[in-house]
Structure formats: structure tokens, C-alpha cells
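K.L.:
Residue numbers (my numbering): 178 to 1248.
Glycine included, every Cβ here is placed at the ideal spot set by N, Cα and C.
Take a look at the following structure, please.
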Amino acid sequence: MSLNNSANIFLDPMPSNTNRFQVNVVNEGHESSAAVDDNTDPPHYEETSFGDEAQHRIRVSFRPGSQECYDNFLQTGEAAKTDASFHAYDSHTNTYYLQTFGHNTVDAVPKIEYYRNTGSISGPKVNRPSLLEIHEQLAKNVAVAPGPADRVANGDGMSGDEQDENKEDEKSGAVKFGWVKGVLVRCMLNIWGVMLFIRLSWIVGEAGIGLGVIIIGLSVVVTTLTGISMSAICTNGVVRGVAVAMYVVGFAETVVDLLKESDSMMVDPTNDIRIIGSITVVILLGISVAGMEWEAKAQVILLVILLIAIANFFIGTVIPSNNEKKSRGFFNYQASIFAENFGPSFTKGEGFFSVFAIFFPAATGILAGANISGDLEDPQDAIPRGTMLAIFITTVAYIGVAICVGACVVRDATGNMNDTIISGMNCNGSAACGLGYDFSRCLHEPCQYGLMNNFQVMSMVSGFGPLITAGIFSATLSSALASLVSAPKVFQALCKDNIYKALQFFAKGYGKNNEPLRGYFLTFLIAMAFILIAELNTIAPIISNFFLASYALINFSCFHASYAKSPGWRPAYKIYNMWVSLFGAVLCCAVMFVINWWAAVITYVIEFFLYIYVTYKKPDVNWGSSTQALSYVSALDNALELTTVEDHVKNFRPQCIVLTGGPMTRPALLDITHAFTKNSGLCICCEVFVGPRKLCVKEMNSGMAKKQAWLIKNKIKAFYAAVAADCFRDGVRSLLQASGLGRMKPNTLVIGYKKNWRKAPLTEIENYVGIIHDAFDFEIGVVIVRIGQGFDISQVLQVQDELEKLEQERLALEATIKDNECEEGRRGIQGLFKKAGKLNITRPTPKKDSSINTIQSMHVGEFNQKLVEASAQFKKKQGKGTIDVWWLFDDGGLTLLIPYILTLRKKWKDCKLRIYVGGKINRIEEEKIAMASLLSKFRIKFADIHIIGDINIKPNKESWKVFEEMIEPYRLHESCKDLTTAEKLKRETPWKITDAELETVKEKSYRQVRLNELLQEHSRAANLIVLSLPVARKGSISDLLYMAWLEILTKNLPPVLLVRGNHKNVLTFYS
């Protein structure tokens, strides 16, 4: 290959006062031309991977520079701008070489743009110069542009749908929020929910101030630990982006209480809650559908109302109480009330954890910001800051309200202003009694007021009651609105990952913010179902259960990511500890079971089945999860642990290098190897790329992932490995030495038989036989597999690809013609011709049909059909038959072990082993008994043993004549020539078979021919023949003679495995 480039002229307009980051454009000579001269085809092999399936071609492109751009640049003298329209490096348009640190180089300084994902919300992604472009000469530029599939696989891109959505977002200007509006406001509104105003007073009445503060504290511990874990997760990289019913029911309860006071009930309390709740959730759905911008504005207004309502409550506690409020149990701050309310007073059916279950949802809502991370300007900064501050502020508010209400209001009150203490009356010793009121009848009959009975206590205590009602509306509606927006956003992200195929329908978004309208309606339906329950104390424990399950998973995810010790786990939020996260996960699980054990069991059963589904389906999504990191660490630890243990014969297993080339091109060779390595040994499919290193490496790297994916898709437990080398033998030698890891190193080489050896160039034969010698030199066993049709189906695959392309073209053509015919019916024949002219579409011509017929008339019908069938013969279940093992030479037992492993497989289990060994004619029975004893000690089942006593007799004349005719073209015949001529021929053709060599190994040649006769006689009907591979002594047996031995030995037989171990024991009869 020759490559000629004209000299390049570099124009350097760099001013003298530049700094080290000054960047200038350097003109690349674009008149250069490239010529590629490589007429030598790489060697091609039919059944083994001793050649490249694809032609190596170099494509060197010289992109013409924009001279006008250069002229303008030189005239203005301005530095290059690297904005969205003109990047410092662009591999798709003109090539701009830059000056970095004062040198002419493509090499770029570190920039954040190189590390962004495609379509990043924080800025455009820029592709840095590839190593190839930096490594090559400056004048050359081999275009290497990674495809979208590669970028997605490496986490540098996204699917086409997501890219389209991103482009739409950029054009329409999606709304992005900061940490206050996007996280703090949302979290505070979501945490300050329905419980603050209409259940916190009841919780203090039941649990008392002391246990009430503990309940709040325990809830906050759970949410704080989860918030810390979530902050660590969110700050470990750029974040991409049911409770509705509870809040709506709380809102509806307040409205129903107002209707009761005004005597305006519609039906009854329960049904009124259902009616009002349904109407409310419809209105909230309308706000959500209107878009994130409207929802954010509504949230700010609701927060202001909520803050005023809370302040109104605290002000009300210091305003002197009147007689009406005193009759309802409010006496301002009183030490006696505080002391009385400090301890618990649980009513029938209630306890610490049941009360905790009702309160816990009031502390949730910390995920409100994270759930809309895709709509935040900087999620890494906003989520930790906003979430943790919201937890602190709301906790202070909850504890303050609990203490204040517990110090001001008694547990039970009648609401009757006449229930005052009259002089001479006995007092029951309660705090109310000491303050002049007798509420003793509440011990015998239900009362309507007090902490235990009146859910609107905060409204009564406040300075202005309607403000508390407005606060209740604000808290409930804002929390419901946040839940209604957040849940569909998270659900949409799950659907986009396509983990669960049935949910793909909900992945579609609408509008500039990619609103999940379908998710909104699904959430609406679920919320409506829970609203029909119409009982807040029933809904709250269910919500608590799911919140705790999600928090447990968040905490465990943080722990797992830390425990995996992945270098990619580098959270910027340092205030976390992996063991604290684990404690948070365990705490969440424990609380779940204490609150409601059967609901917890159901939740975890659902999670378990979802996990099993994902594990089984293996969706095409890659998050770079901690599970992957831990799997890697575990595999590494196990591999290192293996190295500390000496190899033992009992643990021997075939670990194979299979020279398949591309695994899809020789499926039969891979199938038979996989049959005895699956679940028991290592299998590496290897390919050697021969040719110019640069081109080979490029082709090799581009196909690695595709070929490994083919193995996974076809459920073949094997690895794919490739090397680039100057010659095939060097590549295989590298693989034999360097493949594997620790104890998981190959010990067996599997190759296909070189069927075309008589037509192949001598270098190919030398490489083939040389590989066998190299394997023996490295003490690696060798298996050569031969089948009648050969292994290589690359030509068939190529024809199939062509037929598929033609079929796609035909279908597209028919569809276009059909569309045009419909158009013709509407607009007439003239319109059809106009459209066909614009699209350059015509009806199929005879030429097109003839091309299809030409391809179909190739040998696809007969030869290729047989080849395809032969390539799949080891995929089929082998019927009842035999595997004949001709164990002629003791190689350590590999010749016997491989067929034994085959009989353990489902496809081969109906085949029986027949053992053939050599022996003396006069000792056949004794040797048969000895072999049966040996096999029984090895615990290998067999159907029959045959002792062959006539292996060393001469073959018949016809068979020997076939062998002689086979080697005739390769013989030197030096004995028929004078000494000088003979010596000259030896020097000129050292590869030929000499008469002296043939005479020296004549007995061995007889044996190969005779063995074929015996194989034809005994094993012609076998499903598979496993035969000891003859070894050619280096320097004594020529390559061509050795190939002739293999040819005559395996000629006209069923599939044959020629096996030779490394002469180290692989079988043992010791326990």
C-alpha cells in the first residue's frame, strides 16, 4: 500500500502576544490526493479463521477546507470561536487544526463539553479528536465518526426519539427551575401536607407531646438518612430526568367539615368526601396538563398562603382565649395542660406504630425535587441543597406545632360553655378542671372537641380561622399537585428506558416540557380509585408502606454503590456513609413490618417479581449500575482467589480457544465446542485480522461489540477476542499466549479442518500446521474438527444480506407504487406522473427482475442449502446413536473426557459411547477387561469396548493408491535424478516431500490409511467420531505430508474430532 500526499502549507496568523490557551485556525492543504494500491487479497480459508472474511480497504478522505473562511479569519485576525456553530474540532465538516500551547496540533485541552452526553441540557457535546487522528500525520485525516449505537452503548448518547425530543425542547425553550423554586418550594409544600393541619393535633392527643416528638423525630431520621443517600446519588453525575389521593381526601374532609358547620351536607359525610375529592382531582389534572410553568406558579402562591396560615396559628396561641374556645378545650399556654398532655393516652385500637403509620406520610415528600430533576437547571446542586433545607425547616415547624398545640388544648372537651365548675362541685383532677371547666362526661360519652376528637383544632386555636382553612387548602392541594406532577414524570422516565415493554405507551411526552399527559391520566385514575375509600386513616398507612419501600431502595442503592467500590462512584456530597445508608434501609424495612406486616410482605413480593422480570428479560438499557460494578469486583476477587489454588486434575475442564473468525461465519465449529464447554469451561471465539495494522485495528474495534452481542443473542456462553497481526500464525501465537486471566487460561485449541489445503497457497499450509506446532510448544491441547460440507458460511450470509436488501427495496417500491395509484385515483394520471418524476420512482423494470433472478439462481438452491443445513447440525438434538471414541494414544485423557462431557448435554444424552483402542490379537479379551476396569474407575459409562488388533497391518492396494495419488503433486522424486539436480530441487522447493522422508515414515503413513479403512468399517454410521490426532514431529514431517495424513485419516466419514491433549492427566480415579 502506498500513500502519497502533497506537501502542506501551514498558515500561522498567531499574534506575538498570545497566551497558552490562544487558539488559531491552521489551514490544511486540501489539494492533496490519496492513492491506495493494495491488490493483494488476504488469504481465504473455507473452514477455519485463517483469513479475513471482509476485504481490508483503506479510505483516506481529505476534506476540502473553506478557503473563504480562512481568508476572513486571516483578515480579521480574531481567534476562533467555539460555539454551537463552529467547534474547535468537527469531524463532519471542514477540518480545523488548532494551535494549543503554541504548537500545531489537533490535541485539545480538557473541556467539559467533551464529557457531556449527546443532547445534554447543560450545553452541547463536542467530540474530541480521536487517538487515531492525533497519532497520524497532521496532513492526513481518516474520518472516524462513531455511530449513534456506539455512543449510546458507551453512555455518550441517547436514542433517536430522545434526540428528537431534545431538539424540540431546545427550539421551544423548555422551562428550567433553580434550587429554590424547583426543589425547596416543592419539598416544603409536599412535606407540609394534610397531616400538619388536620391530624397533627390528633397525633399529639393520642401519643402525647413526648411520644409525638419521638414519632416526628423517627420519621425525620428516616427521611434525613434517605435524603443524604439521595444527595450522594444525585451528586455522582448529571441527573437525567399515589399520594395524590391522600391529600385530596384530606382537602375533602376539611370542606365537608365546613359544610357540616353551615348545615349544607349534600348526601352524607363519606359520599360528600368522594364527590368533593373527585371534583378536586379533576381540577388538579387540568392544572397539570396545562404544563409545568403554570404548576410552578401555582406552587409559589400556595406556599405563601401556607406560610401565612402557619404564622397565623402561632399568633393565635398567644391571643387570650374566649369562653367559646375554652369550652372547646383551648386555654392558651398552660403548664398543667402541657404536663397532662406530655404522656400518651392511646384510645382503643391505637398504639405507637399505628399512630406513626398515620403521621409518617407527613414527613415524606423529600423526592418532590428529584422527581422533576429533568426540569432543573442544575440537579446536582439543587437537589441536595433544597431537599436537606426543606427537611430542616419542616421538622422545626412540625415539632413547634406539636409542642404548642399540646401545651394549649386539652384532649377532650364538650364545646358547651355551661360546663363550668361551680363552687362545691367535685373536680376530677384534670387540667380543664383546674381551669374551671368540667369535661368529665367525655369519659362516658363521645365528645366533639379537644385534641382527640376535633380535627380542626388548629383552625380553632389560630388568630383568624379562615386563614387556617386556606392553609389546609393550600397544603393539601399543593401536595396533591406535586404528587400528580412528580409521579407521572418518574413513570415516564421508567417507560422511556423500556424496561417493561407493556409500559412503552406511557413514554411519549407532549409540549415544550415533554409533559407525560398519558401518565397524568393514569395517575388520575389511580387517585380516583383511592378517593373512593374516603377514609384518610385508611389511606395513610398504605401510602406509608410504599414511601418506606422506596426510601429503603434509595438507601440500599447508595450503600450498594459505595460497597461496590466503583471508580465511577464519586459523589460530591460527602456527608454520607455507606453504613449509615445501610442502617437507613434496614430501618425503613423494619418500620414497614411493624406498621403493617402483611402490606410489607405484599410490597416486597411485588418488588421481587419486578426484579425477577427485569433479570430474566434483560432489557436493552445500561445505567452503569452498582450491580454491574459489584459483579466486576466479585469476578475479579474470584479470579484472584483462583490463582492462589494449585490446579488439580479433578477440577480440570476444557478451556478452549476456537478459531472461528467472526462467530457467525462458522456456527457449527462454535456449536460443537460450546457443547463441551457450556457451564463447565471457558470458550473464547477468536479472530485474526491480517494486513496493515491501522486498518486491521479499525475494522477489529468496529466489530467487537457486534460480535459479542451476537453471541449473547444466540445464548452462547463464550467470549469474543480478536488480534491484528502481520501474519495469521503470529496472531494465533499471540492469542495462545495472552488469552485468558489467571487460572482461566485456555488449555485447548479448537480449529476447523483445512479442507482446501490442496488448492491453498503454501504460506497458508505452513501457517496452519505451524499453529498446531505452536500449540504443542505452549503445552496446549489441539482439537481439529472436520465435517463434510465445511464450516465457512460467509458467502451464504452475504447472499442472504443481498436478498434481504432486494426484498426491502421491492417492498418499498410496491408501497410507493400503491400510494401513487391511490393518488392517481384522486388526482388523475397526470398527477401520478408528476410525483413519480419528482421522486425518481418507476415501476420494476425487467433488468431489476433479472438481477433478483440472477442472485436466486446462484448455488443457493443446492450447495448452499446443504452448507446451511450442515452449519446447524450440532444445534439439533442428536437421536439415538453412538459417539465412537478411537482412543489410540494416551494423551492424558482429553480424547476420552470431551466425548464424555458431550453425553451429559441435552442434545447428545441419547448417544452411547463406544470405545476403540489398539491391542494385540492374542490378548484381545485381557485388554478389553483392563480397559473396562480403567473406564469404570474413571466413572465413565460406555456401551461397548472394541480392541482393534490389526491396526498395524498394511492397507489394501486401492486405499494406498489413493494416498499415493494424493501426495504425488507434492513429491520431489529426488532418487530418480542425479545428485546435483536433486540438491538444486531441494533448495528451490524445500516444502516438497522427499523420497527419504516418505521412506522413513512409511509405517506411519500405512497406519493412517489403515485407520481410515477401520473407521469406514466400524464407525461409518456413528453420530460423531472422536479420534486421537497424530503428531507430526518438528523437522521430520513436512507440512504437506502431515496434511495428507489428516486428509486420508478423516476422508468420507461422519463428523470427526481429532483430539490430542497436552499429555498431562485430565482424568483421575482418586476421590
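Rounded to whole angstroms, what is the Cα-Cα separation between Gly686 and Leu699?
P.N.:
Here residue 686 is taken as the residue at index 509 of the sequence shown, counted from 1. Here residue 699 is taken as the residue at index 522 of the sequence shown, counted from 1. Going by the C-alpha atoms only, they are around 14 Å apart.
K.L.:
My output table needs one value for Ser1113: the three-state DSSP class, helix, strand or coil.
P.N.:
Translated into the one-based positions of the sequence shown, residue 1113 becomes position 936. Ser1113: helix per DSSP, three-state reduction.
K.L.:
Alpha carbon to alpha carbon, how far is Ala726 from Val778? Give it in angstroms, no decimals.
P.N.:
The count along the sequence shown starts at 1 and reaches residue 778 at position 601. The count along the sequence shown starts at 1 and reaches residue 726 at position 549. So the alpha carbons of these two residues sit roughly 11 Å apart.
K.L.:
Where do the ends of the alpha helix (DSSP H) carrying Tyr626 lie?
P.N.:
Within the sequence shown, residue 626 is the residue found at index 449, counting from 1. Segment: none, Tyr626 is in no alpha helix (DSSP H) and carries neither H nor E.
K.L.:
Would Ile492 pass as a contact of Gly640 if the rule is Cβ separation under 7 Å?
P.N.:
Locating residue 492 in the sequence shown gives position 315, where the first residue counts as 1. Locating residue 640 in the sequence shown gives position 463, where the first residue counts as 1. When the beta-carbon positions are compared, Ile492 and Gly640 come within less than 7 Å of each other.
K.L.:
If Cys873 sits next to Ala901, beta carbons under 8 Å apart, how far is it from one beta carbon to the other, in whole angstroms?
P.N.:
Here the question's residue 873 lines up with position 696 in the sequence shown. Here the question's residue 901 lines up with position 724 in the sequence shown. Their Cβ separation, rounded to whole angstroms, is 4 Å, which keeps Cys873 and Ala901 in contact under 8 Å.
K.L.:
Can you say whether Pro623 is buried or exposed, counting buried as having 16 or more other CB atoms within 10 angstroms of its CB?
P.N.:
Residue numbering aside, residue 623 sits at position 446 when the sequence shown is read from its first letter. Pro623 comes out exposed.
K.L.:
Keeping to the same chain, check which residues put their C-beta closer than 6 Å to that of Asp1068; ignore five residues upstream and five downstream.
P.N.:
In the sequence shown, the residue the question calls residue 1068 occupies position 891. Closer than 6 Å at Cβ, skipping near neighbours: Arg1237, Gly1238 and His1240.
K.L.:
Quick test of the definition: if touching needs 3 or more C-beta pairs under 8 Å, does the region 592-599 touch the region 385-399?
P.N.:
no
K.L.:
Label Val962 either buried or exposed according to how many other C-beta atoms from any shown protein chain fall within 10 Å of its C-beta, with 16 as the threshold for buried.
P.N.:
By one-based count along the sequence shown, residue 962 stands at place 785. Its Cβ being crowded by 16 or more others within 10 Å, Val962 is buried.
K.L.:
Given a threshold of 16 other Cβ atoms within 10 Å of its Cβ, counted over all protein chains shown, does Asn722 qualify as buried or as exposed?
P.N.:
Walking along the sequence shown from the start, residue 722 turns up at place 545. The residue in question, Asn722, is buried, as its Cβ has 16 or more Cβ neighbours within 10 Å.
K.L.:
Using only CA atoms, which one of Gly389, Asn304 and Ala852 lies nearest to Arg1082?
P.N.:
Mapped onto the sequence shown, residue 1082 falls at position 905. Ranking the options by Cα distance to Arg1082, first place goes to Ala852.
K.L.:
Based on the DSSP secondary-structure assignment, which residues constitute the bridge partners of Val495?
P.N.:
Walking along the sequence shown from the start, residue 495 turns up at place 318. For Val495, DSSP records no beta bridge to any residue.
K.L.:
Below 8 Å on the Cβ atoms is my contact criterion, and I expect Gly389 with Val381 to pass it. Report the Cβ-Cβ distance as a whole number of Å.
P.N.:
Indexing the sequence shown from 1 puts residue 389 at position 212. Indexing the sequence shown from 1 puts residue 381 at position 204. About 5 Å; that satisfies the 8 Å criterion.
K.L.:
Can you tell me which of Ala488, Pro693 and Gly583 puts its alpha carbon nearest to the alpha carbon of Gln511?
P.N.:
Stepping through the sequence shown from its first residue, residue 511 is reached at position 334. Nearest C-alpha to Gln511: Gly583.
K.L.:
Go through the region 1069-1123 residue by residue and report every complete run of the beta strand (DSSP E) that reaches 3 residues or more, in order.
P.N.:
1088-1095
K.L.:
What's the call for Ser739, buried or exposed, on a 16-neighbour Cβ count within 10 Å?
P.N.:
The count along the sequence shown starts at 1 and reaches residue 739 at position 562. Burial call: buried.
K.L.:
Which of the three DSSP states is assigned to Ser1205 in this structure?
P.N.:
By one-based count along the sequence shown, residue 1205 stands at place 1028. Looking at Ser1205 - three-state DSSP - the assignment turns out to be strand.
K.L.:
Phe508: which of Ala516, Phe515 and Ser498 sits nearest, CA to CA?
P.N.:
Within the sequence shown, numbered from 1, the residue matching residue 508 stands at position 331. Nearest of Ala516, Phe515 and Ser498 to Phe508, Cα basis: Ser498.
K.L.:
Thr564 lies in the alpha helix (DSSP H); which residues open and close that run?
P.N.:
Sequence index remark: in the sequence shown, residue 564 carries index 387 (1-based). Here the alpha helix (DSSP H) through Thr564 covers Pro556 to Cys585.
K.L.:
Around the C-beta of Val849, are 16 or more other C-beta atoms found within 10 angstroms, so that it is buried, or is it exposed?
P.N.:
One-based indexing of the sequence shown puts residue 849 at position 672. The amino acid at residue 849 is misidentified as Val; the sequence shows Ile. Under this definition Ile849 is a buried residue.
K.L.:
Check whether the Cβ atoms of Trp1064 and Val1094 lie closer than 7 Å to each other.
P.N.:
To locate residue 1064, count along the sequence shown from 1; it is residue 887. To locate residue 1094, count along the sequence shown from 1; it is residue 917. In this structure, Val1094 lies closer than 7 Å to Trp1064 by Cβ.
K.L.:
From Gln1050 to Ile1125, what does the alpha carbon distance come to, in whole angstroms?
P.N.:
As a first step, residue 1050 must be located in the sequence shown, where it is residue number 873. As a first step, residue 1125 must be located in the sequence shown, where it is residue number 948. Near 30 Å, if we compare the C-alpha coordinates of Ile1125 and Gln1050.
K.L.:
DSSP on Arg1184, reduced to helix/strand/coil?
P.N.:
Residue numbering aside, residue 1184 sits at position 1007 when the sequence shown is read from its first letter. If DSSP states are grouped into helix, strand and coil, Arg1184 belongs with the helices.
K.L.:
Between the C-alpha atoms of Leu813 and Thr792, what's the straight-line distance to the nearest angstrom?
P.N.:
Here residue 813 refers to the residue found at position 636 of the sequence shown. Here residue 792 refers to the residue found at position 615 of the sequence shown. Computed Cα separation, rounded: 22 Å.
K.L.:
Within its chain, find whatever has a CB closer than 6 Å to the CB of Phe515; leave out the 5 residues flanking it on each side and keep chain order.
P.N.:
One-based indexing of the sequence shown puts residue 515 at position 338. Contacts found: Ala584.
K.L.:
Where DSSP assigns a beta bridge to Trp1063, which residues make up the other side?
P.N.:
Here the question's residue 1063 lines up with position 886 in the sequence shown. For Trp1063, which the question treats as bridged, DSSP gives the partners Tyr1093 and Leu1204.
K.L.:
Using a Cβ-Cβ cutoff of less than 8 Å, which residues in the same chain neighbour Val1255 once the five nearest sequence positions on both sides are dropped?
P.N.:
Nothing about residue 1255 can be reported from this structure: the residues present for the chain run from 178 to 1248 only.
K.L.:
Identify the residues that DSSP records as bridge partners of Phe507: which are they?
P.N.:
Taking the sequence shown and counting its residues from 1, one reaches residue 507 at position 330. Note: Phe507 sits in a beta bridge opposite Val586.
K.L.:
Can you list, in chain order, the stretches of the alpha helix (DSSP H) that have 4 or more residues and sit fully within the region 753-799?
P.N.:
755-772 and 774-794
K.L.:
Taking the alpha-carbon positions, what's the Tyr1183 to Asp1087 distance?
P.N.:
Position 1006 of the sequence shown, counted from the start, is the residue given in the question as residue 1183. Position 910 of the sequence shown, counted from the start, is the residue given in the question as residue 1087. The alpha-carbon atoms of Tyr1183 and Asp1087 are separated by roughly 35 Å.
K.L.:
Could you tell me the distance, in whole angstroms, from the CA atom of Cys1153 to the CA atom of Lys1169?
P.N.:
As a first step, residue 1153 must be located in the sequence shown, where it is residue number 976. As a first step, residue 1169 must be located in the sequence shown, where it is residue number 992. Rounded to whole angstroms, Cys1153 to Lys1169 spans 15 Å at the Cα level.
K.L.:
Is the CB-CB distance between Gly359 and Ile568 below 7 Å?
P.N.:
Stepping through the sequence shown from its first residue, residue 359 is reached at position 182. Stepping through the sequence shown from its first residue, residue 568 is reached at position 391. Not a contact, by the Cβ cut-off of 7 Å.
K.L.:
Can you tell me where the alpha helix (DSSP H) with Glu1176 in it begins and where it stops?
P.N.:
Counting from 1 along the sequence shown, the entry for residue 1176 is found at position 999. Asp1172 to Thr1177 is the span of the alpha helix (DSSP H), which, as asked, contains Glu1176.
K.L.:
By a C-beta neighbour count over all protein chains shown, 10 Å radius and 16 as the cutoff for buried, is Ile645 buried or exposed?
P.N.:
Position 468 of the sequence shown holds residue 645. Looking at its Cβ environment, which holds 16 or more other Cβ atoms inside 10 Å, Ile645 is buried.
K.L.:
Determine the contact status of Gly592 and Tyr626, defining contact as a CB-CB distance below 7 Å.
P.N.:
If you number the sequence shown from 1, residue 592 lands on position 415. If you number the sequence shown from 1, residue 626 lands on position 449. With contacts defined by Cβ atoms closer than 7 Å, Gly592 and Tyr626 form a contacting pair.
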